[in-house]
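Engineer:
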Ligand SMILES: Cc1cc2nc3c(=O)[nH]c(=O)nc-3n(C[C@H](O)[C@H](O)[C@H](O)COP(=O)(O)OP(=O)(O)OC[C@H]3O[C@@H](n4cnc5c(N)ncnc54)[C@H](O)[C@@H]3O)c2cc1C
Ligand SMILES: Cc1cc2nc3c(=O)[nH]c(=O)nc-3n(C[C@H](O)[C@H](O)[C@H](O)COP(=O)(O)OP(=O)(O)OC[C@H]3O[C@@H](n4cnc5c(N)ncnc54)[C@H](O)[C@@H]3O)c2cc1C
Ligand SMILES: Cc1cc2nc3c(=O)[nH]c(=O)nc-3n(C[C@H](O)[C@H](O)[C@H](O)COP(=O)(O)O)c2cc1C
Ligand SMILES: Cc1cc2nc3c(=O)[nH]c(=O)nc-3n(C[C@H](O)[C@H](O)[C@H](O)COP(=O)(O)O)c2cc1C
Ligand code: FES
Ligand code: FES
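Protein chains in written order, with our numbering: chain A, 1 to 264; chain B, 1001 to 1264; chain C, 2001 to 2301; chain D, 3001 to 3301.
1) Please indicate yes or no: does the CB of residue 1222/B lie closer than 6 Å to some heavy atom of ligand 6?
2) Tell me, which residues are paired with residue 132/A by DSSP?
3) Tell whether a beta-carbon distance below 7 Å holds between residue 3064/D and residue 3047/D.
4) Does the distance between the C-beta of residue 109/A and the nearest non-hydrogen atom of ligand 1 fall short of 6 Å?
5) So the candidates are 2248/C, 2256/C, 2218/C; which of them puts its Cα closest to the Cα of residue 2231/C?
6) Is the shortest distance between the beta-carbon of residue 2103/C and the beta-carbons of chain D less than 7 Å?
7) Leaving out the 5 sequence neighbours to the left and right, which residues in its chain are closer than 8 Å to residue 168/A when beta-carbon positions are compared?
8) What does DSSP give as the partner residues of residue 253/A in its beta bridges?
9) Quick one: using the 10 Å Cβ neighbour count with 16 as the cut-off for buried, is residue 18/A buried or exposed?
10) If I follow the unbroken alpha helix (DSSP H) through residue 3140/D, where does it start and stop?
11) Taking one C-beta from the stretch 2040-2056 of chain C and one from the stretch 2085-2097 of chain C each time, how about it: are there three or more such pairs within less than 8 Å?
12) Is it right to say residue 189/A is buried, meaning 16 or more other beta carbons lie within 10 angstroms of its own, or is it exposed?
13) Under 7 Å, Cβ to Cβ, is there at least one residue of chain B near residue 2052/C?
14) What separation, rounded to the nearest whole angstrom, lies between the Cα atoms of residue 3239/D and residue 3227/D?
15) Going along the stretch 39-63 of chain A in order, which residues come within less than 9 Å of chain D, judged by CB to CB distance?
16) Any chance the CB of residue 68/A is under 6 Å from a heavy atom of ligand 1?
17) Quick one: grab the DSSP three-state call for residue 11/A.
18) Rounded to whole angstroms, what's the CA-CA distance from residue 239/A to residue 208/A? Just pull it up for me.
19) Does the stretch 1081-1092 of chain B come within contact of the stretch 1141-1151 of chain B, defined as at least 3 CB pairs closer than 8 Å?
20) Can at least three beta-carbon pairs, one atom from the stretch 62-69 of chain A and one from the stretch 36-52 of chain A, be found at a separation below 8 Å?
21) CA-CA distance, residue 2191/C and residue 2167/C?
22) List, from N- to C-terminal side, the alpha helix (DSSP H) runs of 4 residues or more that fit wholly inside the stretch 3037-3110 of chain D.
23) Enumerate in chain order the residues of its own chain whose CB-to-CB distance from residue 3206/D is below 6 Å, with the five nearest sequence positions on each side excluded.
24) Within the stretch 3180-3255 of chain D, note down every full beta strand (DSSP E) run reaching 3 residues or more, in order along the chain.
25) Given this structure, state the Cα-to-Cα distance separating residue 1055/B from residue 1028/B, to the nearest angstrom.
26) Is there a Cβ of chain A sitting closer than 7 Å to that of residue 3075/D, yes or no?
27) Residue range of the beta strand (DSSP E) that residue 217/A falls in?
28) Could you give the residue range of the alpha helix (DSSP H) that holds residue 1183/B?
29) According to the Cβ coordinates, are residue 220/A and residue 232/A closer than 7 Å?
30) Would you decide whether residue 3121/D is buried or exposed? Buried here means 16 or more other CB atoms lie within 10 Å of its CB.
31) So, helix, strand or coil for residue 3275/D, using DSSP?
32) Got a sec: which bits of the stretch 2013-2030 of chain C sit with their beta carbon under 9 Å from any beta carbon on chain B, in order along the chain?
33) Answer with yes or no whether the minimum CB distance from residue 2202/C to chain B is below 7 Å.
34) Flag residue 3081/D as yes if its beta-carbon sits less than 7 Å from any beta-carbon of chain G, otherwise no.
35) Taking the continuous alpha helix (DSSP H) assigned at residue 195/A, which residues delimit it?
36) State the beta-bridge partners of residue 1040/B as determined by DSSP.
This is how it looks when you write it as structure tokens:
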């Protein structure tokens, strides 16, 4: 059944930085990089979160404290019960030639998960760019270093790695080297810029989109994108360059909680 | 699903004698000898009937014109629609050593079906006794002759075969020869007499019981037998000698349409 | 655990209308693991009920229009006597009358039997042509019948309610106020029709029937919870239970015991043992020592 | 075939509340094989609806408590305009008001749009806390709202009814008498509760929801047939249809067109094409030339 739930205690909480924490649950989730779950806090609500990692008996999500729901989960302790359904949606393709990953902010978890899977699959060359506002905001720096043949860092304030955005670094790299596939996951404006660069170099890419999601299973319509009617929760959140080309609202607008169109 | 139905036109009607007709339907029924179906005449009702025969694409029942329902089906023509669900219940075991079959009246269809299956299974010796009131009441005489190593006939008036009952013939045969298994199907009084004979010879037997059946699937309770609570529609109608020993009402009483106990 | 003063080893109970015509089937269900058994609803006179087909399946459940086939109260109570001659188990006698006077007459007959609990079937959806709207949808009828029966009955009285009622909390409260010792809820949901598209006809001879099975469980649980919040009398929760988890969910919602009907059709009589074992596994795993620890512990969000 | 004067290629219709918020999803459903599409129910002001979880499954169907999330009538009708700019298809605009005056105001707004048919959602079971009992259970409210809307609407009006009504024939007749051009039946069945036994809580944030999916089909078919026997206006049959045979059974019972909701959840948007093909195969095999040959041909036993 599509809405089968696992009700589980929080097994571990890891503080990534001041606003991000990784939550571990002991349960089975047969998930691929880019897929997400709907997480319920009882009497509170339910929200979508990408999967950071799974193993045979546990899975993890990294969550940013950003509003009522996420601040509530930041108040929870090990042993507190939540409920999870999923995994939902489409994952990244798994190209094993020369691969570039461009990530930013709290959207890097799926890329870290992907890096792990690509290594397992014997990727030829894997290069990652990890961007954030400041050094403390960077996620999984060590992991990317271990998992990738080369891993770059960009911070807006230059506190670590290149000063600038991950897209700036991407432009630099693409001047020297080419790739079979680019995987992009970050804030939509950043992804829009990265897509422009990838397009210029005529390289195939996939992006990780976010829209307001209520059901996660293709029935409520809140995540649908115009004008193709792509149902992001089941046909995304990972979208390839051809599908993305059909989406007029990418980088422009999204629908809010009532379904109203709002500028991004 | 237990109540999956096949709605089918009558494909053929064969007149067995003045009160018995065999109806053929083109449909698949994965049935064994002794099992039955529930047959619906629309706007009329639904009644249980034993299966006479099945092949890959058709099945047959032999029906006796005895009351409102059966007289209605005798008025139906080829092409008229009925609905059938089943097969239901337990079939005869399939012993392939020395086997005796004792049948009477309109209850012989399951024995004819069994004879066919035992032949297919390579039965060592198969002897049948086919009893009826008069010669024209006898069913499948030719079939039993072909299918059995020896086939006996008994009529009450001696108009064909031995004058007397099939149980009389049974006693005669058992005086000369023994069997690994006896299969009995006929009016309950006749079966009671046959069981007494089999018991005397200490031979294992199975009987084909009839009780009022409304649901056919073990929920309505109308076919239950005392005092063990045997649910005849799912645990019968074929019952072995050990089970039969526990049934006080065999040959004594049954429950009518309201569930009231009535003498047989 | 105890239900209406009777000691029972498991809350699992055979629902009315499943097998329960004869002492032998009732005994068998107890031997197969039920804590209590309910007879088929008995009326003053014997009833043949509807012609077949009386049951049809669909994705999620079944419909039935048995139409209260029963041998009448006199013969029905003889079966109860025979039951108790052989076995020490709790028998709930279900009765069905055309009006309050008949219910009183039935209750008086039951007084002279070995029945343990009396259940008033106020909610059969299969005899509307004959008896009009189920009493359980008419507040004044419930009050009239339940209080009249309570005035004469020597054993505890359960009132069986209908899921078609639009205000279950109100109905539950007034049924308690009329004196009922407990509620059985729910009866089948009225009405479903299953169609034979080839014949262009309803499958059931009676065209429509009451809906039961897994698909009515969410409805039953909601209604049981609504009732539990407003009454103090115990609830025999019934409707779509076919696993141990189902039974536990329903007890959490407020049921003190659990009726099992259609699951016998789907899974056979073994279902009592299976559900019992599944409940034990869950309770062990989650630290519930007694069945009574489960009752009504559901918290709304 | 025609439905309320509109030419449609198939009777299959997207039911309200499934995807239908944006023009792009409505267009997509038409391209995927629906004959008509219904918008999410629109109210005067935008509504966020209930917090999640808003859906839960059970054996036989699902419950939902979306709670009428919608961008409001103004923005909703803009989506309808965009729909018709790109595609020539029949759009049913569903509206939901708190009283007759609001329904009139909504109907007037719809008059100024390219909507083809207006559907009055009188029967949402998910907003009872806010709006009390669904109007579809109150005969006088139905009459008041339908006749008020009919006095102003320039397009045909469907009234969407509730399966919780206890006298569907009566309700259907008075809805027709009030001037409705057609009936949509049924909305979800109120209410179901799905329990999380580990958390000891209802799964839905709103505790309960309306029941839909395969398990409500027998109920829908019975009610549609009850209504069909007493009214002359067409019925948009809805409730648990997920196969071609389901659709055919419902049309035989009296539906002129068929709404599809939960089946989209179970089977995805391909379900329209699949059902359409299954219907064609059945019709070919059994000699039905036109969809209209199916409507209401069911004969009772
Ligand atoms: C496919 C997907 C994967 C996601 N993965 C992660 C992740 O791995 N880690 C993480 O921290 N966050 C992730 N998010 C975003 C996360 O769902 C929101 O941060 C969270 O819902 C905020 O809820 P709130 O009540 O705390 O904040 P609010 O104040 O309600 O909202 C803050 C921001 O979150 C967005 N948001 C709120 N509710 C939703 C919703 N139901 N669906 C989508 N966006 C919403 C709002 O648009 C707003 O921009 C993901 C979202 C999607 C769609
Ligand atoms: C397992 C089983 C297999 C059967 N196989 C055959 C068969 O192969 N051929 C055949 O002609 N008949 C068979 N019968 C009997 C057949 O069901 C009845 O003859 C038929 O139901 C009579 O219906 P009626 O309305 O014509 O007669 P009625 O006047 O209603 O009844 C005539 C006789 O049939 C019995 N009967 C009626 N209704 C039922 C019922 N629902 N269940 C059981 N018995 C009933 C009555 O007890 C009575 O003795 C079988 C019965 C059972 C239980
Ligand atoms: C075949 C059948 C017959 C029934 N007969 C009766 C009856 O006589 N009296 C009664 O109160 N309920 C009767 N019921 C209703 C059940 O007791 C029970 O309330 C209902 O089926 C819901 O439970 P379930 O989903 O476990 O079957 C009957 C149900 C079925 C399926
Ligand atoms: C998630 C969901 C949301 C719904 N929202 C609405 C709605 O806004 N307005 C309405 O009239 N019906 C709504 N319904 C009811 C459906 O339109 C339909 O009447 C019902 O689900 C029965 O059909 P089904 O079994 O095919 O789903 C909704 C149903 C579901 C499952
Ligand atoms: S979140 Fe409901 S359709 Fe995508
Ligand atoms: S015929 Fe109903 S239980 Fe056997």
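Yeah, the Cβ is synthetic: ideal placement off N, Cα and C, and Gly gets one too.
Structural biologist: So, to answer that:
1) With a cutoff of 6 Å, residue 1222/B counts as near ligand 6, since its C-beta is closer than that to a heavy atom of the ligand.
2) The bridge partners DSSP lists for residue 132/A are 155/A.
3) no
4) yes
5) 2256/C
6) no
7) 154, 162
8) In the DSSP output, where bridge partners are listed per residue, residue 253/A has 263/A.
9) exposed
10) 3139-3152
11) yes
12) exposed
13) yes
14) 15 Å
15) 40, 42, 43, 44, 45, 46, 47
16) yes
17) strand
18) 6 Å
19) No, because fewer than three Cβ pairs between the stretch 1081-1092 of chain B and the stretch 1141-1151 of chain B fall closer than 8 Å, the two stretches do not touch.
20) yes
21) 18 Å
22) 3073-3086
23) 3050, 3065
24) For the stretch 3180-3255 of chain D, whole beta strand (DSSP E) runs of length 3 or above, ordered along the chain, are 3182-3185, 3189-3192, 3209-3212, 3235-3238.
25) So the alpha carbons of these two residues sit roughly 8 Å apart.
26) yes
27) Looking at the DSSP string, residue 217/A is not in any beta strand (DSSP E), and its letter there is neither H nor E.
28) No alpha helix (DSSP H) contains residue 1183/B, which is instead part of the beta strand (DSSP E) from 1181-1185.
29) no
30) With 16 or more Cβ atoms within 10 Å of its Cβ, residue 3121/D is classed as buried.
31) Correct three-state label for residue 3275/D: helix.
32) 2017, 2018, 2019, 2020, 2021, 2022, 2023, 2024, 2025, 2026, 2027, 2028, 2029
33) no
34) The structure shown contains no chain G; its protein chains are A, B, C and D.
35) 188-200
36) 1046/B, 1083/B
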